[in-house]
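A.B. asks: Protein chains in written order, with this note's numbering: chain S, 1 to 675; chain L, 1001 to 1675.
Every residue gets a Cβ at the ideal spot worked out from N, C-alpha and C, and that includes glycine.
There are 2 protein chains.
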Amino acid sequence: MSQKVRFPFLVLCAALLPLHAALNLMPMPAQHTLGQGSLVINQSFRIAIAGYTEPRLVAAAARARRVLSQQTGMPRLPDTLRDESGPVLTVHCERASAPVQKLGEDESYQLVVDTHGASLNAPNPLGVLRGLETFLQLVESSAEGFSAPAITIHDFPRFPWRGLHLDVSRHWMPVDVVKRNLDGMAAVKLNVFHWHLTDDEGFRIESKLFPKLQGMGSDGQFYTQEQVRDIIAYARDRGIRVVPEFDIPGHATSWLVGYPEFAAAPGPYQIERRFGVFDPTLDPTKEAVYDFLDKLIGEMAALFPDEFFHIGGDEVTGKQWRQNEDIQAFVRQHGLQNNGELQAYFNQRVQAIVSKHRKRMEGWDEILNPNLPKDIVIQSWRGSKSLAEAARQGYQVVLSSGYYIDLIEPAAKHYLVDPLGKEADSLSDEEKKRVLGGEACMWSEYVGPETVDSRIWPRTAAIAERFWSPQNVTDVDSMYARLEVVSRSLDWRGLTHRSNYPKMLERLADGGATEAVQILADVVEPVKGYRRGRGPVRPTQQSALNRLVDAARCESVRAREFARLVDAMDRPRIREWLIRWRDNDARLQPTVAKSFLLAEAAGLSQELRQVAETGLAALDLLDAHKRAPAAWVKRQQALLEEARKPRAEVLLMIVPSVEKLLNGVAPQKPIMRSK
Amino acid sequence: MSQKVRFPFLVLCAALLPLHAALNLMPMPAQHTLGQGSLVINQSFRIAIAGYTEPRLVAAAARARRVLSQQTGMPRLPDTLRDESGPVLTVHCERASAPVQKLGEDESYQLVVDTHGASLNAPNPLGVLRGLETFLQLVESSAEGFSAPAITIHDFPRFPWRGLHLDVSRHWMPVDVVKRNLDGMAAVKLNVFHWHLTDDEGFRIESKLFPKLQGMGSDGQFYTQEQVRDIIAYARDRGIRVVPEFDIPGHATSWLVGYPEFAAAPGPYQIERRFGVFDPTLDPTKEAVYDFLDKLIGEMAALFPDEFFHIGGDEVTGKQWRQNEDIQAFVRQHGLQNNGELQAYFNQRVQAIVSKHRKRMEGWDEILNPNLPKDIVIQSWRGSKSLAEAARQGYQVVLSSGYYIDLIEPAAKHYLVDPLGKEADSLSDEEKKRVLGGEACMWSEYVGPETVDSRIWPRTAAIAERFWSPQNVTDVDSMYARLEVVSRSLDWRGLTHRSNYPKMLERLADGGATEAVQILADVVEPVKGYRRGRGPVRPTQQSALNRLVDAARCESVRAREFARLVDAMDRPRIREWLIRWRDNDARLQPTVAKSFLLAEAAGLSQELRQVAETGLAALDLLDAHKRAPAAWVKRQQALLEEARKPRAEVLLMIVPSVEKLLNGVAPQKPIMRSK
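Listed below in structure tokens is the structure:
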């Protein structure tokens, strides 16, 4: 990046790491130096724009003042009433950025706060946008009032491609869901919105040339072109590129409902309601298919200004191709070896079309093929190995493997995945430059408008830090401390990842013991990976997402805090919580008996009681400096083993901590001591 | 009302009262009979419109389905996928209602639910709107799924004027605040939105004829005429009339900023920032003032379709009139006795203007004068006496005294105020008919967009029941039980009275012990009546509303529950809570020390600890069947007396319950026993 020349301070970063915990910034800036004192932020605070300006900057300043007002509760004073000697953030921007935001554009900025004021300097508006978000994160409540610490920040991103991928096909996400998530992205400096617009379960965008695509493939749930333009403008205002994905030739069932003639097998087709990998595929041997794609891609290329156009290309089963004699004849005729080569042929044709419409093609791992030109971008979902392979072959790559947030893994796990880690670490410097960054992927099998925010946030903020901050910013404890702060501030932006939790719990309780429902829900997490939906009744697009597993947070903060109490052997607080969990079951069961939504949690609640009882018994022994009989310990271990298993598709997250307590009183082990 | 003829079932109502607690309806319908079984509501549920239809009905049905989907978490199935044998609510509407909704229009409906389906019949769309809300309230979670009980409801309102008055002048309320509160009003069958658009602190509506009104009198915070039309249409869609208020001749400072020439004393004027009763007044002796009012009222009468036009008329200090020699000469010249008669003269002139523009004039108590025609409506804020007086004189009246929700009184207090109670009870039947209903009044000295919902809701739902339901529906326990349910459901409509609470607590805690902040906040209420804002620094329009008093709920549900535990002498749970409150102080103080917003709560938190300690000591004595020494009891009583006083403008609501515990161990008193 060119910024490296401008800011030779990067080397200081490691030395400054101990300060991170105190600074609630996420992502952490490339370099910062704390000064003395702080700038008091009161109602007279204003943002002055000096130097180059444009409507986007004026809007950004107004937005920043609004967010500040929401966060602090201080009303914004009308200009006429403001104390002119009040605190000012002076923004100085050198020049315009590209009319259509480009990959790799300069996003650097310098922010200086002292006790008298603050200044934000950036080469172009993108840096101003990033710097304003940093400034907002600096404002905290102190004993004296709201203030920002004196600090000098030189900041720029480590990777130029920092994305969030949102699947709006499997579950429809209305415009307001997209917009508030764009707000969230902007807050943590993400700059690519990858919009997964089509899949087997829905074609979610209006085509004026082929209206049966959305007309028959979306249940009426699609974005009009006007809405798309509105969202693109909204994203640009926040320094975010919008890359659309039209997934072909597989994952295309919804396309074929209206246009079965483009399928590799005879129709009719219905919108797919289930989740998985399905056979309906475009026919790569028909010229009519390429004519169709030429027109459609042309229409969409005109609608989406971004340089990149994502054609998906993943998970083609090939079954329709194998079973179609004409297609097999075509394969033989063209000397192709297998379906893989047939897809490569298809991709070459599509690439020519995309290129003709002045776009660079992007696709998932599977499109990688030496016959494709080197200006395409490969998005790797299968792992670091395929990422490195593509980079070695000369392709630019974006990593998504390790960032599948739909799998409900802890933030720490994603956080420690580095786009240049593992296999990519062995790349040459030149090859490494081809690694553009990464994308958090939100697939939407098990999320709807009500729950999607809680699956994206706050964990995506940790991933955003991975993409932006220096490689050596990897302290997980610091990350979690800051993640909680950024999570709260995202709430003020209108995201619902926190506010929908009590509502969903109240729905589950339906007038019953909401507090008891919450005590249980606070210590569970949804099952991880691909374990959801494996019961006898397979969930579909129409299944209600109103269960405990939907309300449960991706990461139990309560369980993490309890683990900390156990590590610190804070016996009074450990006991307090164990008693609360033990007693909760009796309070919860009457509500469980009345609510069909909670019925599945009956056993789980009992299990929480049993686990708490085990913990309490162990704690009693610890307090008495006694060890437990081996047989009893064995029985308790079996009980805990059982409690580790999912129930109602959630996991009881305090089990490992109780196991620690149990181990502390097991024979042959040293007794733990209070710190 | 004509409905009485159609539904002769009213007499059954009293007999059915015991059922109320089980039925979570608010307002309670005029008459209902529970049947056997229930109607299962699944994703195939649909609303079919038979008979007369219009876009408003189609929109209402779509809205009802959306609310149902939000409440239950069940996605709405596309029509193509729906099981045609699924549950149906058939709506049958006889005819259109008036193009502009009229006072006293029929709002009756009949709703029948059985195990096979439901039907809703109404003479016109207003009844359909009311009935749909009732149906939504019937849907509950059961052991078998979501369902509505089999029931037959005949319903109609007791009063035709059921309003919410919102002051958008002292604090500006953007369009979205108004809209979500209209949603809330519709949910509880209120039908008049009284929009207090102007006051000393702001002129909040665009005048195209006199643009300096909003241009200089609103800090740019006003509704455009387009927004006004949009809100009126939004309200009409929900069966709500919109009555605008332009408060004259007093409360008019903001008018005079742009037009000082209409004032009774020389300018210049500034927008008033403080709260109270101020002197700036229109000059009632200048013909130019009436010319101006003629044009302005003409402009606004054309914008607002409703039959009524509210001219305020309250709290004229008369100081400017007394001090103006020309005005005093005018008074003598016209043989007027005092400023009151001068205001009556003004009102007569204004009434002629309002009438010329084909509106009926409405005003506060003070406009009452025998010289005004009998078609005006008097809104009584001063009490039942002035209401009855006006009714006796032949005027129609609306009661607001007793419904001032800005005073943060308990819902029960408002609930038991009857428009036909007290003095009005002595009116003749004919005079009683002139009592049109009432209005909850939300004055906005101490609320902003963030907090206003929590001051309006849920208490206004109880007031709405008073206006709609039969006079004998007065069980306070039943009201509170149902109020909690309706409060939750209002949350799903987008009101923020519940969801802003954790956010505001997190702001107070600012990363500290949020849970400890909540434990304190859960047991306090803001000071009542006019006691807020009496400290040394007088609050203004620009004061931040981000303190504990702003976060605190109007009624502490926790304190009410604790009172119930004490009444039931549930000793284990009483002890549990007292311990939690006692221990909370130590957990909270470090956060208090760091947050300037919480600093004022330091003493309050200690007081909660002390009160809890007193309660625990009393509980120990009760458990030991002992009495306390008189001197100790006296000391504790003094401590509790001190704890009753406001601190940080909030009240500790558990004090009376702890006092009960203390009394139980005082000498000379019988010891309380567990039930």
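1) Our contact map puts S:S147 next to S:S38 with C-beta atoms below 8 Å; I'd like the distance itself, whole angstroms only.
2) Run through the DSSP bridge pairs and tell me what S:H154 is partnered with.
3) For the stretch 350 to 392 of chain S, which segments carrying the alpha helix (DSSP H) assignment without a break, of at least 4 residues, lie completely within its bounds, in sequence order?
4) Is S:D199 helix, strand or coil by DSSP?
5) Taking the alpha-carbon of S:G494 as reference, which of S:I47, S:E54, S:Q31 and S:R66 has the nearest alpha-carbon?
6) Could you spell out the range, first to last residue, of the beta strand (DSSP E) harbouring L:R993?
7) Which of helix, strand or coil does DSSP assign to L:A1021?
8) Specify, as a first and last residue, the run of the beta strand (DSSP E) that S:F330 falls within.
9) So if DSSP puts S:A118 in a beta bridge, which residue, or which two residues, is it bridged to?
10) Give me the subset of the stretch 482 to 506 of chain S whose CB atoms are less than 8 Å from a CB atom of chain L, sorted by chain position.
11) Got a sec? Which residues, its chain only, sit under 7 Å from S:V655 by beta carbon, not counting five neighbours each side?
12) When the distance is taken between beta carbons, is L:A1060 closer than 8 Å to L:H1092?
13) With 8 Å set as the bound, which would you pick, yes or no: does the beta-carbon of L:N1371 sit closer than that to a beta-carbon of chain S?
14) Decide if the stretch 195 to 204 of chain S is in contact with the stretch 242 to 258 of chain S; the criterion is three or more beta carbon pairs, one per stretch, under 8 Å apart.
15) Would you identify the three-state DSSP class for S:R644, choosing helix, strand or coil?
16) Who are the Cβ neighbours of S:T540 in its own chain at under 7 Å, not counting the five residues just before and after it?
17) Using the beta-carbon count (16 or more within 10 Å), is L:K1189 buried or exposed?
18) Counting only the same chain and skipping the five closest in sequence on each side, list residues whose C-beta sits under 7 Å from that of S:L342.
19) Closer than 6 Å by C-beta to L:H1304: which residues in its own chain qualify, once you throw out the five before and the five after it? Chain order, please.
20) Residues of chain S with a CB under 8 Å from the CB of L:M1028: which are they?
21) Just to confirm, is the Cβ distance from L:P1087 to L:A1464 under 8 Å?
22) Using DSSP with H/G/I as helix, E/B as strand and the rest coil, what is S:E561?
23) Name, please, each residue of chain S whose Cβ falls closer than 7 Å to the Cβ of L:L1597.
24) Quick check on L:Y1414: does DSSP put it in helix, strand or coil?
25) With burial defined as no fewer than 16 other Cβ atoms inside 10 Å of the residue's Cβ, what is the status of L:P1249: buried or exposed?
26) Going by CA-CA distance only, name the one from L:A1352, L:A1265, L:H1196 and L:A1411 that's closest to L:H1310.
27) Could one say the Cβ of L:A1462 lies closer than 8 Å to chain S's Cβ atoms, at least one of them?
28) Smallest Cα separation from L:V1658: which of L:D1083, L:Q1348, L:L1213 and L:R1582?
29) Residues of chain L with a CB under 8 Å from the CB of S:T72: which are they?
30) So which of S:D306, S:G276, S:P125 and S:W161 has the shortest CA-CA distance to S:I378?
31) Between the Cα of S:L89 and those of S:G35, S:K356, S:T115 and S:G163, spot the shortest distance and give me the residue it belongs to.
32) Can you tell me where the alpha helix (DSSP H) with L:G1184 in it begins and where it stops?
33) In angstroms, rounded to a whole number, what distance separates the CA positions of S:P502 and L:R1482?
34) Would you give the residue range spanned by the alpha helix (DSSP H) that S:E226 belongs to?
35) Measuring CB to CB, does L:A1462 end up less than 8 Å from L:A1424?
36) If you draw a straight line from the C-alpha of S:P266 to the C-alpha of S:D279, how long is it?
C.D. replies: According to the structure shown:
1) Position 147 of the first sequence holds residue 147 of chain S. Position 38 of the first sequence holds residue 38 of chain S. Indeed they touch by this definition, with Cβ atoms about 4 Å apart.
2) Numbered from 1 along the first sequence, position 154 holds the residue referred to as residue 154 of chain S. Answer is S:Q31 and S:Q110.
3) 384 to 392
4) One-based indexing of the first sequence puts residue 199 of chain S at position 199. If DSSP states are grouped into helix, strand and coil, S:D199 belongs with the strands.
5) Within the first sequence, the letter at position 494 stands for residue 494 of chain S. Closest option to S:G494, Cα to Cα, is S:R66.
6) Look at the range of chain L in this structure, 1001 to 1675, and you will see that residue 993 of chain L is not part of it.
7) Reading the second sequence from its first residue, position 21 is the one you call residue 1021 of chain L. Bear in mind that the predicted position of L:A1021 carries a pLDDT of just 40, short of 50, making it unreliable; the figure below should be weighed with that in mind. If DSSP states are grouped into helix, strand and coil, L:A1021 belongs with coil.
8) Position 330 of the first sequence, counting from 1, holds the residue named residue 330 of chain S. Premise fails: S:F330 lies in the alpha helix (DSSP H), E325 to Q333, not in any beta strand (DSSP E).
9) Indexing the first sequence from 1 puts residue 118 of chain S at position 118. S:L89 and S:V113.
10) E484, V485, R488, D491, W492, R498, S499, P502, K503, M504 and E506
11) On the first sequence, residue 655 of chain S is found 655 positions in, with the first residue counted as 1. Around S:V655: V611, L640, A643 and R644.
12) The residue labelled residue 1092 of chain L in the question sits at position 92 within the second sequence. The residue labelled residue 1060 of chain L in the question sits at position 60 within the second sequence. No, they are not a contact pair.
13) Taking the second sequence and counting its residues from 1, the one referred to as residue 1371 of chain L is at position 371. It does not: the Cβ of L:N1371 has no partner Cβ on chain S nearer than 8 Å.
14) yes
15) Residue 644 of chain S sits at position 644 when you count from the first residue of the first sequence. In this structure, S:R644 counts as helix in the three-state DSSP scheme.
16) The residue given as residue 540 of chain S occupies position 540 in the first sequence. These residues qualify, in order along the chain: R273 and R274.
17) Along the second sequence, read from residue 1 onward, the residue named residue 1189 of chain L stands at position 189. Counting Cβ neighbours within 10 Å, L:K1189 comes out buried, since at least 16 surround it.
18) As a position in the first sequence, residue 342 of chain S is number 342, starting the count at 1. Excluding sequence neighbours, S:L342 sits near P284, W321, V331 and L336.
19) Locating residue 1304 of chain L in the second sequence gives position 304, counting from the first residue. The amino acid occupying residue 1304 of chain L in the given sequence is Phe; His does not appear at that position. Answer for L:F1304: P1244, listed in chain order.
20) Taking the second sequence and counting its residues from 1, one reaches residue 1028 of chain L at position 28. Correct list: empty, because the minimum Cβ distance to chain S is about 17 Å.
21) Position 87 of the second sequence, counted from the first residue, corresponds to residue 1087 of chain L. Position 464 of the second sequence, counted from the first residue, corresponds to residue 1464 of chain L. Not a contact, by the Cβ cut-off of 8 Å.
22) Counted from its first residue, the first sequence places residue 561 of chain S at position 561. In the structure shown, S:E561 sits in a helix (DSSP, three-state: H, G or I).
23) For the purposes of this step, residue 1597 of chain L is taken as the residue at position 597 of the second sequence. Those are S141, listed as they occur along chain S.
24) For this step, residue 1414 of chain L is matched to residue 414 along the second sequence. Here the sequence assigns His to residue 1414 of chain L, which means Tyr is not the residue at that position. Residue state, collapsed to three classes: helix.
25) If you number the second sequence from 1, residue 1249 of chain L lands on position 249. Burial call: buried.
26) To locate residue 1310 of chain L, count along the second sequence from 1; it is residue 310. That would be L:H1196, whose Cα lies nearest to the Cα of L:H1310.
27) If you number the second sequence from 1, residue 1462 of chain L lands on position 462. It does not: the Cβ of L:A1462 has no partner Cβ on chain S nearer than 8 Å.
28) In the second sequence, the residue the question calls residue 1658 of chain L occupies position 658. L:V1658 has its Cα closest to that of L:R1582, out of L:D1083, L:Q1348, L:L1213 and L:R1582.
29) The residue you call residue 72 of chain S lines up with position 72 of the first sequence. Correct list: R1507, A1544 and N1546.
30) As a working note, residue 378 of chain S is residue 378 in the first sequence. Comparing Cα-Cα distances from S:I378 to each of S:D306, S:G276, S:P125 and S:W161, the minimum goes to S:W161.
31) As a position in the first sequence, residue 89 of chain S is number 89, starting the count at 1. Nearest option by C-alpha distance: S:T115.
32) For the purposes of this step, residue 1184 of chain L is identified with residue 184 of the second sequence, where counting begins at 1. It spans V1175 to A1187 - the alpha helix (DSSP H) in which L:G1184 sits, taken as one unbroken run.
33) In the first sequence, the residue the question calls residue 502 of chain S occupies position 502. In the second sequence, the residue the question calls residue 1482 of chain L occupies position 482. One C-alpha to the other measures close to 19 Å.
34) Working through the first sequence from its first residue, we reach residue 226 of chain S at position 226. Segment Q225 to D237, the alpha helix (DSSP H) holding S:E226.
35) As a working mapping, residue 1462 of chain L is identified with position 462 in the second sequence. As a working mapping, residue 1424 of chain L is identified with position 424 in the second sequence. Contact flag unset, no.
36) If you number the first sequence from 1, residue 266 of chain S lands on position 266. If you number the first sequence from 1, residue 279 of chain S lands on position 279. Using only the alpha carbons, I get a separation of about 12 Å.
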